[in-house]
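Read through the structure below, which is laid out as C-alpha cells, and then see the notes.
Protein chains: 4
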Amino acid sequence: MTRIGILTSGGDCPGLNAVIRGAVLKGSAVYGQDFVGFLGGWRGLVNGDIIPLDRSRVRGLSNQGGTILGTSRVGPYQEPDGGAKNIQKTLDALGVDGVIAIGGEGTASASKRLFEDGIKIAGVPKTIDNDLDATDYTFGFDTAVEIATEAIDRLRTTGNSHDRCMVLEVMGRHAGWIALHSGIAGGAHAILIPEQPESIDQICAWAVSVRDRGRSPMVVVAEGFTLPDMSEAHSTKGLDGFDRPRLGGIGERLAPMIESRTGIETRSTVLGHIQRGGVPTAFDRVLATRLGMAVVDLVADGGWGKMVALHGTDIARVGFDEALANHKTVPKERYQEMRVIFG
Amino acid sequence: MTRIGILTSGGDCPGLNAVIRGAVLKGSAVYGQDFVGFLGGWRGLVNGDIIPLDRSRVRGLSNQGGTILGTSRVGPYQEPDGGAKNIQKTLDALGVDGVIAIGGEGTASASKRLFEDGIKIAGVPKTIDNDLDATDYTFGFDTAVEIATEAIDRLRTTGNSHDRCMVLEVMGRHAGWIALHSGIAGGAHAILIPEQPESIDQICAWAVSVRDRGRSPMVVVAEGFTLPDMSEAHSTKGLDGFDRPRLGGIGERLAPMIESRTGIETRSTVLGHIQRGGVPTAFDRVLATRLGMAVVDLVADGGWGKMVALHGTDIARVGFDEALANHKTVPKERYQEMRVIFG
Amino acid sequence: MTRIGILTSGGDCPGLNAVIRGAVLKGSAVYGQDFVGFLGGWRGLVNGDIIPLDRSRVRGLSNQGGTILGTSRVGPYQEPDGGAKNIQKTLDALGVDGVIAIGGEGTASASKRLFEDGIKIAGVPKTIDNDLDATDYTFGFDTAVEIATEAIDRLRTTGNSHDRCMVLEVMGRHAGWIALHSGIAGGAHAILIPEQPESIDQICAWAVSVRDRGRSPMVVVAEGFTLPDMSEAHSTKGLDGFDRPRLGGIGERLAPMIESRTGIETRSTVLGHIQRGGVPTAFDRVLATRLGMAVVDLVADGGWGKMVALHGTDIARVGFDEALANHKTVPKERYQEMRVIFG
Amino acid sequence: MTRIGILTSGGDCPGLNAVIRGAVLKGSAVYGQDFVGFLGGWRGLVNGDIIPLDRSRVRGLSNQGGTILGTSRVGPYQEPDGGAKNIQKTLDALGVDGVIAIGGEGTASASKRLFEDGIKIAGVPKTIDNDLDATDYTFGFDTAVEIATEAIDRLRTTGNSHDRCMVLEVMGRHAGWIALHSGIAGGAHAILIPEQPESIDQICAWAVSVRDRGRSPMVVVAEGFTLPDMSEAHSTKGLDGFDRPRLGGIGERLAPMIESRTGIETRSTVLGHIQRGGVPTAFDRVLATRLGMAVVDLVADGGWGKMVALHGTDIARVGFDEALANHKTVPKERYQEMRVIFG
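Chains as they are written, first to last, in the UniProt record's numbering: chain H, 1 to 343; chain X, 1 to 343; chain D, 1 to 343; chain Y, 1 to 343.
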C-alpha cells in the first residue's frame, strides 16, 4: 500500500479542506492509498508532525473553510533542520512514500527543488489571487470575488444614499484579478489594478463623469495598484513640517485624493482577511474536489514532479517548471475592454 | 449609426440583465450603436413591441435577476404573424439593423433558421442546465449550482439530527450538470442524473453504507433521472385496485422507495423555480457581462449568424450550426470518478 | 457538583447547538456544573444513552445547524420502558441530578408531566413556527423567515420575467408566522395563513389587481391554510369518474386554481425542509445562546418545572403550565394591517 | 386629503426604503393620504426639494438597501435658510400638512424642536447602533449584526489555519450592541465595548487562555472601545524621536499590542461601511415595514410630536422627549454574563 502525506502551505484559501477530502476519498477508495497530514505546512513535513487522514477524518469537509492541517509561510529549506535530506529521512521513518503539497507559487518553487533533490512530490496549485499561469482558475479565487462583489453591492446603496464616492480595496498584490472580476460583477465605475497604470486625473475624471450623470462613483482598487506619481499618496507633511509616510493601504490613500480634487465626499473600505476565509462557493468546492481527486490519479500514475491544473473544463497535468514559467497577470486587452465603459 | 434590437427568450436565468447591460454599455461607448429591447421574447420581435435601451436604462442591472425585457417560450415561427418576412418588415419599420437573441437551444435553432431566411441575427447562449456544447459554461448555471449547494448544506444538518436520508431534486431534464456539481460541492452520497442509469438496489446500497458508518445519506437527483424499471416509481395501485399515475417528480417518488427498502426514514425536497431567479453569483455576472460585450464586438464585425461562447478563459465565436451540433451531457468519466466514492 | 443532562426533542431547528453550547459554557464556568447529553431526544433519556459534554465538545457550535445530540419525535411516556419511574432510575444510575429539555409544545407538555411525576426538569422553548405564547420569539423562527424571504426575492424576478403568478408554500401548520413575516419582508401581494380564511375569489381578485398594475403576483401560503370550501382543492375526478384525493400541499393545489380562474400562468414552489436546517441567523444564535445561558441560571436557582423565554429584550422564566396555556397564533389585527395593502 | 412629506436623515441604514414603502402603501390605501419625499434629508425639507411618492414609486423597495430619498447629516436649523419659520412656509407652499422624519438621535432632537416651534412632525427611529432607549430594536441593527457575524465566521477559519489571533472592529461609537451581538453569535473569545473597560492585560490573558486550549483567539471590538491607558495605543514614537499619533482605529491599534505581549501572530480587520448598506435582513424588513405602517396610523390619529417604537412584539408610540431621555447602552449585566465565558 502506498502511503501519502498531504500538506497545505501559504496563505489561507477557501477550498483547501475540499482538496484534502477529495484526495483522501478517491485515493483510499480507488487506489487503496493510505494518507497522513503534515501539520503546519512545511514545518510538519520537516519535523514529522502528522495526523492520520482517513475517510472519517475528512467527513463533511467540502464546505469548511480553512485547512484542518494548518498552514504557515515558511519554506522547507528555511525551516530549522529543513532540506531534502532531512525530509527524506523523516518520510522514511514515517513510511511515507510521497508528498502532495497544496500551495502557491512559493510552494511550487520549493516542491520543484525538493523533487530535483529526490523527494517524490506532487502539487495542487493554490492562490487566492488567481495569478498562476498553469491553470485557468485556482480554487479560492471565486470565493474571494464573490465576497468582494457582495461588499460592492452593499457599498453602492450607501454611496447612492449619501452621494458619495465609495472606494473598496481588495486583495491582489501583483495581479488584479479579484479587482477586475468583482468590479465587473459589481458594476464598478473604475477598476484599478497593479498591471495597468492610471493617473489620479483619470480616476477623478471618471468619478466626476459618474457624479454628473446623477450617480455615485464606485471605485475598486487592488492592494498592489500604485499611482504613477505616488509621492502625493505615499507621504504627507506633518504639522512639524517633516515629511512622514502615510500609513494605510492604497484605498485609504486614494479616498482623500479623490475627495479633495473632485469635491465628492469619498469613503474607503479595506476588505482584508475576510476574502480568505469561510465557506467556499460551490464553484471552488467543485474545483478543489476535482483537483484533490486528480492529484491522487497523478500520484497513482507515478507522476511525481507535476501538479494538476484546470484547462477549460478538464483537469490537466503540468510540470512544476511550466507552472512557474509565467506569472498570470490581467492581460491589457481584458483591462481595456472594461476601461472603455468606466466612468 | 447601427440600431440593434435585443431579446431574451426561454426560461428565466440569472445573468440575462447583465448581458443586456454589457452589450448596451460597450456597444454605445465603443461602436456608437443604438439599442432597443423587444418585449416578451420573440413576441416583441414579431409585433415590434420595443423599449429604448440606453445607458441610463441598464443602470445597476449587473446584480438584478430576471430580464427587464421579459421572456416567453414561444418561437418566432410559432407566434401569430411570425416568420422571417414579417419580422424583416417589422425591423425595417423600426429602423433596426439586426437582432441579438439571448436564449437556449430553441432560441439558437430559431435564430439559425431566421438567419438562413435573411435576418441579421447573432446569439448569446443561455441555459441554466449548462447543456450547450459550444460553450464551456453558460451563465445562470453557477447561480443554480450555488443555490442547490446551499440547500444541500441545510438539508444535511437536518438529516444528521434525525438520522434521515434526505433527497433533493434539482433541475436538469436531459443533462445532470446541476446535480453533479451541487452534489460534489455539497458532499452528496449519491448523485443521480439522466445520463447514467442506477438501479434502486444500488441507490439503497449506498444509503445503507452511509447509515452503517453512522451518517445520514444525502441523495441529489436531477429531475430527468429515471430508474431503469420505473413502473414502481411511476404508478401505484389505488384503493380501488386501479393503477394510477403517481404525481410528483422523481425526488418524491424515490424517497418512499428508499425508505421502504432500507428502513431509513427518508424525506424529499424539490428546489424548483428558486434555482432560476434572483441575484446572480459573481461568476455569472462576469460571464454574462463579458458575453454581452463580446456580442456587440461580433455584431460590429458583421458576424451575423454566430453566437459568442466561453472557451477556457476566452470568449470565442461559434456558428449556430456548430452550437447546435451536440447536446452537452455529463460524460461517463466525469460521473464515474464521483461514483466510486458514493456511499 | 451538579450533573445535568441535556436533550433536544422534536423537529430540527437552527440554534439547537447554540443553546447546548451556551448552557455548557456558562454552567461549567460559573456554577461548576457538569454536563452530559442524551442522544436521540427522549429515547436517550429513557435508555441512558449519553455523551459527555464539556467545553471542548461544544467548541464552534454557535453557527452549526442541527443538534449534535440528535432528536426524535417520540415522547418519554411513549418510548418503550418510558415513564417517570424508569427515567428516575436511569438518572440515578448516571448520577444525573436534573434534565434540561429543549423542545416544542409536545416537549413542554411531556416535561410538565415528568416534573409532576417527580423528575427535576427545566425547559428551553423551541419551535420553528414561533407559536409558543410564553415567549416573544423562539430561536429558529428568524432563520426560517430569512430563508423563505430569500426564496421570495428569487421567485419574484422569475415571476416578473415571465408575467407569472408565483406561489410559495412555507411552513406553519397551525400558525402563520413564517408566512406573515416572510411575506411582509418579501413584499408579497397575498399572504394566506391557517388563522384567517380567504376565499379563492378574493385571492384571485388580488392576483388580477396586481396583474392589472403590470406586475406579477406573489402569493405566500402557510402549509396549514385551507380554503373555506376545499372540495375543489382537495379532490378531483379521475378519468375513471371516481373522485380521488389531490396529492401535494396547499401551494400545489392553489396554483392551478389561480391559473384557471385568472388566466395568469401560475407556478408553485414548496420550500420544505430547507427552512429547518443549516447555519442559523445571528439573531437566532444570540437568542439561543442567551436561552442556553439562562437555563443554567434557572437550574442553579433550583427552578425546576420552569422554562426560559424571551420577553422584549429580557430573558424571563415561565412555568410549563403557563407556557402551554395558549397557542400563539397570528392575531387578527396583525393580519388585517397587512391585508389592506394586498393586491 | 392629507398630504405628508417623508424625509430620511443621518447615516445610511438598511430598512429605510422599507419604512417609506410601508408608510406610502398603508397611508394611501387606508387613509387616502398623499405622499411626497424630501430629497437629501433636512435639506430637501428646507429647500422644498421633493419627489412624488405613490404606490408605483415604492414598488419593490422592501429589499432595497439605502434610501431613494437620499440622506445627509446636516440638521434643519443648520441648513442655510433653515429653521421652523422657513420650513413652515415651504410646507405651506407645497401643500404639505405634516412631516415624517426617519432618523436617529439627532433627527429626533431636531424634530422635537421643530414640533415645539409649531411644525407637525412625527418620527421613526433609526440607528444602526441600536442605542435608542425608546425602542427594543431599531431596524438596520439586525442587518449590521448579521454582516459582522458572517465576517467573524470567515475570519475564524483563517485564524485557525494560521494559529493567529483575529481582531474584528465593528461599528459602535458609544454603544457596543453590534459588537456584543455579533460576538455572541460568532462565538468570540473577547468582546470589547465602549461601556465596559478592559485592560490590555486582561485581553491578552483571554487570548493566551484560548491559545493554550489549542484554539485561535477571536476578538471583536467596537470602534468606540478605549483602553484605560490608551497612551500606548494612541501614540508611538517615530524614528525621529518625536511622538506622533497612531492613525487607524482601535482594531488596528490593538492587534500589534496583543501580538507583542502574547507572541501570538495577530491580524485586524475593519468592517466599516459594509455594515450599513445593502439588502436588509428579513427581520429588519419586517420591523421597518411595520414602523412605516404604524407611523401613518399615528399621523392619521393626529399624533404629531411622537415617534413609533418596538416594545416586545408590539408597535408603541413615544414622545420625542421620552425617546431622547436615555441613551441605550449595553447594561453591565448583559456584558458580565458573556464576560465570564471569555477566553
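Heads up, the beta-carbon is just placed ideally off N, CA and C, and yes, glycines get one too.
* Do you know offhand how far E265/D's Cα is from D163/D's? -> In the third sequence, the residue the question calls residue 265/D occupies position 265. In the third sequence, the residue the question calls residue 163/D occupies position 163. Each residue's Cα considered, the two are about 7 Å apart.
* **Nearest-angstrom beta carbon gap, S28/X and R59/X [assumed within contact, 8 Å]** => Counted from its first residue, the second sequence places residue 59/X at position 59. Counted from its first residue, the second sequence places residue 28/X at position 28. That pair is no contact at about 13 Å.
* Asked: Would you say E169/X reaches chain H, if we count a Cβ-Cβ gap shorter than 8 Å as a contact?
  -> Taking the second sequence and counting its residues from 1, one reaches residue 169/X at position 169. It does not: the Cβ of E169/X has no partner Cβ on chain H nearer than 8 Å.
* How is the alpha helix (DSSP H) around R21/Y delimited, first residue to last? -> For the purposes of this step, residue 21/Y is identified with residue 21 of the fourth sequence, where counting begins at 1. That run of the alpha helix (DSSP H) goes 16-30.
* Asked: By DSSP, does H174/H sit in helix, in strand, or in coil?
  -> Along the first sequence, one-based indexing puts residue 174/H at 174. DSSP places H174/H in coil when its eight states are reduced to three.
* **Extent of the continuous alpha helix (DSSP H) run through M1/X** => Along the second sequence, read from residue 1 onward, the residue named residue 1/X stands at position 1. Unbroken run through M1/X: none, as it is neither H nor E.
* Asked: What residues in its chain sit with their C-beta under 6 Å from that of Y77/X, if we drop five residues either side in the sequence?
  -> As a first step, residue 77/X must be located in the second sequence, where it is residue number 77. If you ignore the 5 residues before and after Y77/X, its C-beta comes within less than 6 Å of the C-beta of G83, all in its own chain and listed in chain order.
* Asked: Counting contacts by CB-CB distance shorter than 8 Å, is S62/X in contact with chain D?
  -> One-based indexing of the second sequence puts residue 62/X at position 62. Closer than 8 Å: no.
* To do: Could you tell me if D153/H is buried or exposed, where buried requires 16 or more neighbouring beta carbons within 10 angstroms of its beta carbon?
  => Taking the first sequence and counting its residues from 1, one reaches residue 153/H at position 153. By the 10 Å Cβ count, D153/H comes out buried.
* Beta-ladder partner(s) of R267/Y, from DSSP -> Within the fourth sequence, numbered from 1, the residue matching residue 267/Y stands at position 267. Assignment of beta-bridge partners to R267/Y by DSSP yields M166/Y.
* Taking only beta-carbon positions, decide if M1/Y is within less than 8 Å of chain D. => Translated into the one-based positions of the fourth sequence, residue 1/Y becomes position 1. Interface criterion not met: the Cβ of M1/Y is under 8 Å from no Cβ in chain D.
* If you measure from the beta carbon of T266/D to each beta carbon in chain X, is any gap under 8 Å? -> Translated into the one-based positions of the third sequence, residue 266/D becomes position 266. Taking CB atoms only, T266/D has no neighbour in chain X less than 8 Å away.
* Hey, how far is the Cα of I147/D from the Cα of M166/H? -> Along the third sequence, one-based indexing puts residue 147/D at 147. Along the first sequence, one-based indexing puts residue 166/H at 166. As the crow flies, the alpha-carbon of I147/D is around 30 Å from that of M166/H.
* **Three-state class that DSSP yields for residue 355/D in the structure shown** => With chain D running from 1 to 343 in the structure shown, residue 355/D is simply not present.
* From the DSSP output, which residues share a beta bridge with L114/H? -> Along the first sequence, one-based indexing puts residue 114/H at 114. Per DSSP, none; premise fails for L114/H.
* Could you check the C-alpha separation between H181/Y and D284/D for me, to the nearest Å? => Counting from 1 along the fourth sequence, the entry for residue 181/Y is found at position 181. Counting from 1 along the third sequence, the entry for residue 284/D is found at position 284. Near 10 Å, if we compare the C-alpha coordinates of D284/D and H181/Y.
* To do: Give the straight-line distance between the Cα atoms of V208/H and G214/D, rounded to the nearest whole angstrom.
  => The residue given as residue 208/H occupies position 208 in the first sequence. The residue given as residue 214/D occupies position 214 in the third sequence. Each residue's alpha carbon lies about 36 Å from the other.
* Would you verify that the beta carbon of I51/X is, or is not, closer than 8 Å to some beta carbon of chain D? => Here residue 51/X refers to the residue found at position 51 when the second sequence is read from its first residue. Chain D, which has no Cβ nearer than 8 Å to the Cβ of I51/X, makes this no.
* **Residues that DSSP places opposite F139/D in a beta bridge** => Residue mapping note: residue 139/D aligns to position 139 of the third sequence, counting from 1. None, per the DSSP bridge assignment.
* Asked: Once you ignore the five residues that flank P228/X on each side, which residues in its own chain have a CB closer than 7 Å to its CB?
  -> Here residue 228/X refers to the residue found at position 228 when the second sequence is read from its first residue. Result list for P228/X: P197, S199, in chain order.
* On the three-state DSSP scale, how would you describe V96/X? -> As a position in the second sequence, residue 96/X is number 96, starting the count at 1. Coil.
* Asked: Along the chain, where does the alpha helix (DSSP H) that runs through residue 349/X open and close?
  -> No answer is possible for residue 349/X: the residues shown for chain X start at 1 and end at 343.
* Taking Cβ positions only, does E333/X come closer than 8 Å to chain H? -> Counted from its first residue, the second sequence places residue 333/X at position 333. Closer than 8 Å: no.
* Between E105/D and T313/H, what straight-line distance do the alpha-carbon atoms span, to the nearest angstrom? -> In the third sequence, counting from the first residue as 1, residue 105/D sits at position 105. In the first sequence, counting from the first residue as 1, residue 313/H sits at position 313. One C-alpha to the other measures close to 52 Å.
* Residues that E337/H contacts on chain X, provided the C-beta gap is smaller than 7 Å -> As a first step, residue 337/H is located in the first sequence; it is residue number 337 there, counting from the start. Residues of chain X passing the Cβ test: M293.
* Taking residue 348/D as the query, report the chain Y residues whose CB atoms sit under 9 Å from its CB, ordered along the chain. => For chain D, the structure presents residues 1 to 343; residue 348/D sits outside this window and is missing.
* Label P217/Y either buried or exposed according to how many other C-beta atoms from any shown protein chain fall within 10 Å of its C-beta, with 16 as the threshold for buried. => Looking up residue 217/Y in the fourth sequence gives position 217. Per the 10 Å Cβ criterion, buried.
* **Partner residues on chain H for D212/Y, Cβ-Cβ distance less than 8 Å** => For the purposes of this step, residue 212/Y is taken as the residue at position 212 of the fourth sequence. Using a Cβ-Cβ cut-off of 8 Å, D212/Y is close to nothing in chain H; its nearest Cβ partner there is about 17 Å away.
* Asked: If you draw a straight line from the alpha carbon of L271/D to that of T67/Y, how long is it in whole angstroms?
  -> Start at 1 with the first residue of the third sequence, and residue 271/D comes out as number 271. Start at 1 with the first residue of the fourth sequence, and residue 67/Y comes out as number 67. Rounded to the nearest angstrom, the two C-alpha atoms are 31 Å apart.
* Curious, which full-length alpha helix (DSSP H) runs of at least 4 residues does the stretch 248-305 of chain X contain? -> Positions of the alpha helix (DSSP H) runs, each at least 4 residues long and wholly inside the stretch 248-305 of chain X, are given as 250-262, 282-300 in order along the chain.
* Residues of chain D with a CB under 7 Å from the CB of S161/X: which are they? -> Counting from 1 along the second sequence, the entry for residue 161/X is found at position 161. Those within 7 Å of S161/X in chain D are D12, G66, T67, G70, T71.
* Asked: If A101/H sits next to S111/H, beta carbons under 8 Å apart, how far is it from one beta carbon to the other, in whole angstroms?
  -> Numbered from its first residue, the first sequence carries residue 101/H at position 101. Numbered from its first residue, the first sequence carries residue 111/H at position 111. With a Cβ gap of about 5 Å, A101/H and S111/H count as contacting.
* Given M338/H, which residues of its chain have a CB within under 8 Å of its CB, disregarding the five upstream and five downstream residues? -> Numbered from its first residue, the first sequence carries residue 338/H at position 338. Closer than 8 Å at the Cβ level, and outside the excluded window around M338/H, lie L180, G183, I184, I191.
* Which chain H residues sit within Cβ distance under 7 Å of G272/Y? -> Here residue 272/Y refers to the residue found at position 272 when the fourth sequence is read from its first residue. Contact of G272/Y with chain H by beta-carbon distance below 7 Å involves T269.
* **Contact list for M218/Y against chain H, beta-carbon separation under 9 Å** => Your numbering for residue 218/Y matches position 218 in the fourth sequence. Contacts between M218/Y and chain H, judged by CB atoms closer than 9 Å, are missing: the closest CB pair is about 11 Å apart.
* Cβ separation of H273/X and T158/D, assumed to be a contact under 8 Å, to the nearest whole Å -> As a working note, residue 273/X is residue 273 in the second sequence. As a working note, residue 158/D is residue 158 in the third sequence. Indeed, because the Cβ distance is near 6 Å, the residues count as touching under 8 Å.
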